[in-house]
Structure formats: C-alpha cells, structure tokens
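*Asks:* Taken in order, these protein sequences are the chains called A and B. The first sequence maps to residues 1 to 94 in this note's numbering. The second sequence maps to residues 95 to 487 in this note's numbering. The structure is given below, and queries will be raised subsequently.
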Amino acid sequence: MVELELGRTGTIYSHTIAHVAPQGFSAPFFQVFVDLPEGPRVFALVGSECPVEAGVLEDGMEMRLVVEPVADTPERRDILTYKYVPARQMSGSR
Amino acid sequence: MREVAIIGVGAHPTGRFIDKPLKAIAYPAIWDALDDAGVTPADLQAAYVGNSLGGLLTGQEGVRGQVVLQHSGITGIPIVNVENACASAMTALRGAWLEVASGAADVALAVGVEKMNVGNSARTIGALSAVSELDLAEMGMQFTTSYAVHPKINLKARMHEYGWTARDFAKPAVKNSYNGSLNPLAQHRRPLSIEEVVQSRIIVDPLTLLMCSSISDGAAAAVVCSMDAAARFTSKKRVRIASCVLRSGEYRLRDDDRPDSATTTAFAAYEQAGVGPDEINVIELHDAMAPAELMLYERLGLCAYGDGPKLIDDRITTLDGRQPVNPSGGLCSRGHPVGATGLLQICELVWQMRGEAGARQIEPRPKVAMAQNQGGLLLGQDSAVYGATILTA
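Have a look at this one:
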C-alpha cells in the first residue's frame, strides 16, 4: 500500500443524470466517475454551480475539485465532501 | 462431501404487501416448502434465513431468522441469519447445502424473505443504497446509477463499443415480461412492447422505468436433504445440487481487465458440476436492470462480448428457445425482493425440472439448470457478492 497525494484535477470517465434520489438527496443530480492523473478512478458528485442538464458534461471533460455540502437538503447540508466541476468556466450559465 | 438434493420448495407471491410484516410474508413460503418436501419442523436440523433490508426498514436489527421461523413453528434448531445483500437467499441456500453435504445435518431449511414496501420509497431506496459500501451510499450512489456509470458495467460504454441501442436494452425486459405474464407469482404480469419500455420515463440515463426491477415484497424457501435420506420424505423427483459457488467481488484497478467475478464464479460452478455453459438447459440470472441480462450472457459464457442482443433476436433465450433465460420473468417481472431473490430463482428451476411450471413449462424438461445471483456494490467491482448454483435432475 502506498499513500498518494492527490491534486485538484481529473477527467470524466463516465457520467449520468439520476432522476430518482435516495433520502437526503434531490433529483435530478449528476453522478460521475472521474479519472485522476495520479491513477485512481473515483466516484463523485458534481458541484452545484454546474446546471443539471443533458449535454453539460461529456466523457473526457477536464474537471477541477471543489468542496461543498453533499446535498442542499436538511440531512446532508452539514456534511462536506469533494465534488468536481468543469475546469473551464461555463459559458451562458449563472 | 455428501450428495445433496432439494426435496421441497415454496414461494410467497412477489409484489406489494404493505400490511404484512416480514414473518407473515415468510410463513406461506416456508410451509409450502415443508409440505412439498413431506417434512415437518421436527425433521429440520438447521436453518439459514436470508434477509437484507429488514434491520433498516422494519427496525428488527437482530435475530430476524429466529423471529420469522418461530412464527412458522420452527424453534430450537440452529438458526443462522444471513445478510449478503441481493445474494442473501443464495448464501442461505449455500449454508443449508454445506450443513447437509458435510454430514452435520440430514435435513436443513433455507429461507429468503424481504419486505421493501414501507410506504416511503425514498426510505427504501436509502436502505438499498446502504448495501453498497457506505462511502458510496453517503454520496448518493444507487444501484441504478451504477449500471449507468460504473466502470465494470457501464451501459453507455457498451453503446459506444458495441453499438447497442436503447431498443437492445429493452429486449430482455420484453422477453421477461412475457414469461412473467405466465407466472401467477409474478409482480408484473403484463407483457410489454419494446416501444413501451424505451418510452417509459428515464430513471437514470440510459435506464428507463420498465428496464428496472421494482420495489418488492416476497419470500421463498427450499428444503435440502442428503440424497440418501430423501426417499424417507418424498417420492417426487429429487433435484441435485451439483455446485453452489459463492465468491466476493475482487478489487480491480482501472486498467485491470482480467475476468470479472461474475465470470469466475460461473466458471467455478461449471467446473465443479462438470458441465459447460452449452449444456445448461435453463438459467435464472440476476437482471436487476434489464440490460444487465445482456452483459451476463457474455459473462456466463453464453455468447461472445457484444452479441447479447442476438440471443434474444435469434430466440435462443426465449421460453421456446434452446437455452431459456429467466422463465420466471426474472427480477424485472417476477420481482426482486432482494433478500429472497436467490431462492425465488431456485424455486423456478426446481418447478421447471419437475414439470410443474404450468403455462411457462419448458419442453423438453430441463435436466441441467443454473441460478446466477449477485448483490451489494463495491467501488472496485460492480458487486460485492456473486453466486452461481447448478442443479441437475
């Protein structure tokens, strides 16, 4: 086993929009796997600045790390986690 | 190891039984299995009870097996509680099989029971998520999502790689809905069309509602007995357990493309039973999402990678085909009460091998049958638990 320091970037391996959510989450929401340049492939949620719409994310897209609450719900609002957002500023949104 | 037979099976219908507690769902399945086997509770020497979500959904965190069996009149004997996610019942069967195969018991009972309808589907989905590694569950990972994005079972990647389409994904659902329409125990008994499946609402892109197994209550049970002692109880055809293989998901790094655990489990079962994939006459497999059936055809060695939809197009795996798959309707139509599914699969195979499957009876009667079951979710594999059981008659 080796301890590895991870950076703040990655690329999308796969992504989907879930239209049904477990308790503590609100649908629709993105779920993705992100390939990190250091080697690991991690499961992740997508930061709230990214609008949940088809076509916004693409496999292979460059992403950067953000830290924010797991979900904006009473159950998850106080739990912080890692998420990813598109590395390039999104045009036309927000 | 001694030869072991399944001498009795029973099942509770699968569906929505909101007013029935766990023990009331289990009871009819247990008693049907005992009656079918010709045994009484006094003949049983051990029992294994599979259940996955009862702790979170009913609050009965411990001794669920003892509670359930006490209400069926079975007390005193060793009772082992089995939680192995959607493979709990298959794992219970393996426990009962080992008791008898080892000589510790002559007659043992395996039960699988699940109650998922608790009047709040978000709570049920939350409980289901908790049979994934908790770090994943707390990030909102769901089984449906895993089929869309998980590296090992990524359906979108299959679309790119093989040219599979949404219509291909719908084919197992359509085939299995027809089978389910002939099964009085099935949860969903209406035959579906490809258009209907493709056009139903999207749950997790690319999966639509009618491609997903639904929230379900149900139970199944099997009595296993040493082959030598079987004649004491029943004159019915004995179905032999030729192999019963349980494995756990093997962690795989990103570029590791060695065979996955569904494949290694199935091939271990073939080897122990001394048969090849071509010699299996009927298969019940774990189509938690309809397109999973296409991927499992590959992984069980039924076809080359990418050829899954052809097995349905060419009517190989249909009820009238050379190698019918999911004659019961499978998880999507018969239903997927998660901790009962492995034994519901076994019930169907035993009925088919005995010629007791009614309107969905396969002819000629199958002589070699396989149940494939899996459950849970780990980051490095698509499932935490894999099982494969081969029966011969």
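A virtual CB, placed ideally from N, CA and C, is assigned to each residue, including glycine. As the structure is a computational prediction, the values presented were derived from the model and not from experiment.
Can you find at least 3 beta carbon pairs, one from the region 429 to 445 of chain B and one from the region 309 to 325 of chain B, that sit closer than 8 Å?
*Replies:* yes
*Asks:* Could you give the uninterrupted runs of the beta strand (DSSP E) lying entirely in the region 28 to 56 of chain A, keeping only those of 3 residues or more?
*Replies:* 29 to 35, 41 to 46
*Asks:* Terminal residues of the continuous alpha helix (DSSP H) containing Asn270 of chain B?
*Replies:* 260 to 275
*Asks:* Taking only beta-carbon positions, decide if Arg352 of chain B is within less than 8 Å of chain A.
*Replies:* no
*Asks:* In terms of DSSP beta bridges, what is Gly144 of chain B paired with?
*Replies:* According to DSSP, residue pairing for Gly144 of chain B in a beta bridge involves B:Val176, B:Gly206.
*Asks:* If Gln466 of chain B and Leu394 of chain B are in contact, beta carbons under 8 Å, what's the gap, nearest whole angstrom?
*Replies:* So it is a contact: roughly 6 Å between Cβ atoms.
*Asks:* For Ala216 of chain B, report the span of its alpha helix (DSSP H) as first-last.
*Replies:* 215 to 223
*Asks:* Should the region 196 to 204 of chain B be regarded as contacting the region 447 to 454 of chain B, the criterion being three or more beta carbon pairs within less than 8 Å?
*Replies:* no
*Asks:* Listing by chain order, which chain A residues have their CB less than 7 Å from the CB of Leu473 of chain B?
*Replies:* Phe43
*Asks:* Can you check whether the CB of Ser182 of chain B is closer than 8 Å to the CB of Asn145 of chain B?
*Replies:* yes
*Asks:* Would a check of beta-carbon distances place Val298 of chain B closer than 8 Å to chain A?
*Replies:* yes
*Asks:* Which word fits Ser93 of chain A, buried or exposed, when buried means at least 16 other C-beta atoms lie within 10 angstroms of its C-beta?
*Replies:* For Ser93 of chain A, the predicted model reports a pLDDT of 46, less than 50, meaning its position is unreliable; a value from the coordinates is still stated below. So Ser93 of chain A ends up on the exposed side.
*Asks:* Going by CA-CA distance only, name the one from A:Tyr13, A:Cys50, A:Gly39 that's closest to Leu101 of chain A.
*Replies:* Because chain A is modelled from 1 through 94, residue 101 of chain A falls outside the range shown and cannot be assessed.
*Asks:* Could you pull out every residue in the same chain whose Cβ sits closer than 8 Å to the Cβ of Leu151 of chain B, ignoring the five residues on either side in sequence?
*Replies:* Lys209, Met210, Val212, Arg217, Thr218, Ala221
*Asks:* With a threshold of 7 Å on Cβ separation, who are the neighbours of Val291 of chain B within its own chain once the five nearest residues in sequence on each side are excluded?
*Replies:* Ala264, Ala267, Val268, Thr302, Leu304, Met305
*Asks:* Thinking C-alpha only, which one of B:Val157, B:Gly433, B:Gly343 is nearest Leu472 of chain B?
*Replies:* Nearest neighbour of Leu472 of chain B by Cα position, chosen from B:Val157, B:Gly433, B:Gly343, turns out to be B:Gly343.
*Asks:* Report the neighbours of Leu236 of chain B on chain A: residues whose CB is nearer than 7 Å to its CB, in chain order.
*Replies:* Inspection of the sequence shows that residue 236 of chain B is occupied by Gln rather than by Leu. Residues of chain A passing the Cβ test: Ala18, Pro22.
*Asks:* How would you write the range of the beta strand (DSSP E) that Pro107 of chain B sits in, first residue to last?
*Replies:* 98 to 109
*Asks:* Answer with yes or no whether the minimum CB distance from Ala478 of chain B to chain A is below 8 Å.
*Replies:* Closer than 8 Å: no.
*Asks:* Go to Asp311 of chain B, then tell me how far its beta strand (DSSP E) extends in each direction, as first and last residue.
*Replies:* Here the beta strand (DSSP E) through Asp311 of chain B covers 311 to 320.
*Asks:* Is it true that the region 382 to 393 of chain B meets the region 344 to 358 of chain B, where meeting means three or more beta-carbon pairs spaced less than 8 Å apart?
*Replies:* By the criterion of at least three beta-carbon pairs nearer than 8 Å, the region 382 to 393 of chain B is in contact with the region 344 to 358 of chain B.
*Asks:* With a cut-off of 8 Å, does the C-beta of Thr152 of chain B fall near any C-beta of chain A?
*Replies:* no
*Asks:* Name the residue from B:Gln468, B:Gly234, B:Ile296, B:Arg448 whose alpha carbon lies nearest to the alpha carbon of Glu387 of chain B.
*Replies:* Residue B:Gln468 holds the alpha-carbon nearest to the alpha-carbon of Glu387 of chain B among B:Gln468, B:Gly234, B:Ile296, B:Arg448.
*Asks:* Taking Thr239 of chain B as part of the alpha helix (DSSP H), name the residues at either end of that continuous run.
*Replies:* 237 to 243
*Asks:* Show which residues of chain A have a CB atom less than 9 Å away from the CB atom of Leu230 of chain B.
*Replies:* Phe43
*Asks:* Closest by CA to Ile12 of chain A, which one among A:Asp78, A:Ala21, A:Val70, A:Pro37?
*Replies:* A:Pro37
*Asks:* What residues in its chain sit with their C-beta under 6 Å from that of Tyr480 of chain B, if we drop five residues either side in the sequence?
*Replies:* Arg341, Ser355, Ala356, Thr359, Gln468
*Asks:* If you pair each beta-carbon of the region 276 to 291 of chain B with each one of the region 70 to 86 of chain A, do three or more pairs fall below 8 Å?
*Replies:* no
*Asks:* Looking at C-beta atoms only, is the number of pairs between the region 106 to 120 of chain B and the region 320 to 329 of chain B that lie closer than 8 Å three or more?
*Replies:* no
*Asks:* Given a limit of 7 Å on CB to CB distance, which residues of the region 200 to 220 of chain B reach chain A?
*Replies:* Cβ contacts with chain A: Ala216, Arg217, Ile219, Gly220.
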